[in-house]
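S.K.: Quick one: the structure is below, questions incoming.
Residue numbers (our numbering): 22 to 375.
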């Protein structure tokens, strides 16, 4: 234990970021970064909750691909709430927090981060099965099928989280800013980055195959099933383009660039890492809802219906009362007035007036 503490002290002494900002308040580089990343995260949490809610409430969105997208949004929701720690540390003036404490607070967020790429890979495989076997959506037993996917993701994510705890136990008092990226250090964090990199590369390859098969089939088949496959593939392709590519770029950055960049200038490394994280992972994590709204008619109708109800309940109470008044007005008795023509004394009843 004493050896670990000595190693941690040495790392803190060599931690340029910690030495520069530990007694600075307000520390604007940390505060601005924390606010920026949390603004994106809050928007993403609302959007991902919308995907989960509309999937749960809309019967037409209970397919395997829809459930897997909702599961991905659920993991993104768990991932994004971990950014609140960084915001608190920056705004409170502490600026830094012991690594062991940060890991405990963000354990759920780290668990979710390591599972997102797995779920996206399974979503790609699900689409591939639907294209290869058109009867798959009707014949698959959803509960065992989806339950197996969830079980595999939970097991692998739990294993990765244990590796993070194990690797960071060697430096428990290392001071970090509280960002998710700061917690992905040691062989545990490297393992998560490697799994994300492999899963995202696999997902990209799977969707290239799916796109080729759909294009080939659509040339000779114009059935409703093929139209549905084309529509959902278009939505998933854009999600993959934004979501998977964001995680792919970020994991590649952590694996190949950060180790070399850190030795040159730690402050520059941290600043670039924050910029990359905001533009790649966090924008990707917030993209599911907006992409589905723009590209999918089914999701757009579900969003409008569900959030219209929420909006009327929370934001527009006057509309309800005006609607009630209008409803009452529609049920009021209508007095029918009989109009009797007045004939001129010179006009005979039998003649036509022009």
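All residues carry an ideal CB built from backbone N, CA and C; glycine is no exception.
Hey, would you say residue 321 sits closer than 9 Å to residue 227, going by beta carbons?
M.R.: The answer is no: Cβ separation not under 9 Å.
S.K.: Closest to residue 66 by C-alpha separation, out of 326, 305, 174 and 327, would be which residue?
M.R.: It is 305 whose Cα lies nearest to the Cα of residue 66.
S.K.: For residue 38, does the count of other Cβ atoms within 10 angstroms reach 16, so buried, or fall short, so exposed?
M.R.: That one is buried.
S.K.: Looking at residue 216 and residue 308, is the spacing between their C-beta atoms short of 9 Å?
M.R.: No, these two residues do not count as a Cβ contact at 9 Å.
S.K.: Where does residue 118 fall in DSSP's three states?
M.R.: Three-state result, residue 118: strand.
S.K.: Considering just the uninterrupted stretch of the alpha helix (DSSP H) at residue 72, what are its terminal residues?
M.R.: Here the alpha helix (DSSP H) through residue 72 covers 49-78.
S.K.: With a threshold of 16 other CB atoms inside 10 Å of the CB of residue 93, please say whether the residue is buried or exposed.
M.R.: Result: buried.
S.K.: So what does DSSP say about residue 196, is it helix, strand or coil?
M.R.: Reduced to three states, the DSSP call for residue 196 is strand.
S.K.: Ignoring anything shorter than 4 residues or poking outside the segment 77-163, list the alpha helix (DSSP H) runs there in chain order.
M.R.: As far as the segment 77-163 is concerned, its whole alpha helix (DSSP H) runs of at least 4 residues are 85-101, 104-113, 120-126, 128-153 and 157-160.
S.K.: Express the C-alpha separation of residue 263 and residue 61 in angstroms, rounding to a whole number.
M.R.: If you take the alpha carbons of residue 61 and residue 263, they lie about 15 Å apart.
S.K.: For residue 77, count neighbouring Cβ atoms within 10 angstroms of its own Cβ and tell me buried if that reaches 16, exposed if not.
M.R.: Exposed, by the Cβ-count rule.
S.K.: Assuming residue 85 and residue 165 form a contact by the criterion Cβ under 8 Å, report the distance between their Cβ atoms to the nearest whole angstrom.
M.R.: Incorrect: roughly 12 Å between the Cβ atoms, too far for contact.
S.K.: Taking the continuous alpha helix (DSSP H) assigned at residue 295, which residues delimit it?
M.R.: Per DSSP, residue 295 belongs to the alpha helix (DSSP H) from 287-298.
S.K.: Out of 127, 96 and 79, state which residue places its alpha-carbon closest to the alpha-carbon of residue 108.
M.R.: Cα-wise, what sits closest to residue 108 is 127.
S.K.: By Cβ distance, which residues of its chain are closer than 8 Å to residue 179, with the 5 residues on each side in sequence left out?
M.R.: Excluding positions up to five away in sequence, the list reads 132.
S.K.: With distances taken between CB atoms, is the gap from residue 313 to residue 90 smaller than 9 Å?
M.R.: Their beta carbons are under 9 Å apart, which means residue 313 touches residue 90 by this criterion.
S.K.: Below 8 Å CB to CB, which residues in the same chain sit around residue 135 once its five sequence neighbours on both sides are set aside?
M.R.: Cβ neighbours of residue 135 beyond the five flanking positions: 177, 178, 181, 182, 213, 216 and 217.
S.K.: Check residue 188 in the structure and name its three-state DSSP category.
M.R.: Reduced to three states, the DSSP call for residue 188 is helix.
S.K.: In three-state DSSP terms, what is residue 273?
M.R.: Three-state result, residue 273: helix.
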